[in-house]
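Before any comments, here is the structure.
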Amino acid sequence: MERRITARIVNVEPGAIKGQRIVEASHEGGTLRFDLIGDLLDVGEGDVVEILVTDSKPGDLDSYQFCGRGYLVPGDGGREILSVWGILFRFEPGIGLEEEREYFLCIKK
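First residue of the sequence shown: 20, per our numbering; consecutive thereafter.
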């Protein structure tokens, strides 16, 4: 399984944890919300990011500003939550992730 999503950042707001920001992005298939902690990735409103979600380790890891491994969090309804080292990525609608399968999520601007 491999999904590449090109998304435009539409909102960045402070989170409840010191140094946390909540990012909302829109893409052709829906919306994506994710947490940013500290200076993990420098994005602002209007920026375009490419997000890769795959179940095999990407061969071009160095081309991304962030990559991590994670799992689908059991949830509700039409959205999927992927936890990457505790950083949550919420896809609405879901992108076809399966429980108990490890995924790589990579982002670049």
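Ideal Cβ placement from N, Cα and C applies to all residues, glycine included.
Just so it is clear, the structure is predicted and the values come from calculations on it, not from any experiment.
Under the DSSP assignment, R109 falls in the beta strand (DSSP E) whose first and last residues are I106 to E111. As the crow flies, the alpha-carbon of V29 is around 15 Å from that of G48. Distance check between W104 and each of L59, S75, G113 and E117 places L59 closest, using alpha-carbon atoms only.
The continuous beta strand (DSSP E) containing D54 extends over residues G49 to I56.
By the Cβ rule, the region 22-41 does not count as touching the region 118-125, because fewer than three pairs are nearer than 8 Å. When the beta-carbon positions are compared, G97 and G113 come within less than 8 Å of each other. By the neighbour-count criterion, in which 16 or more other beta carbons inside 10 Å mark a residue as buried, E99 falls on the buried side.
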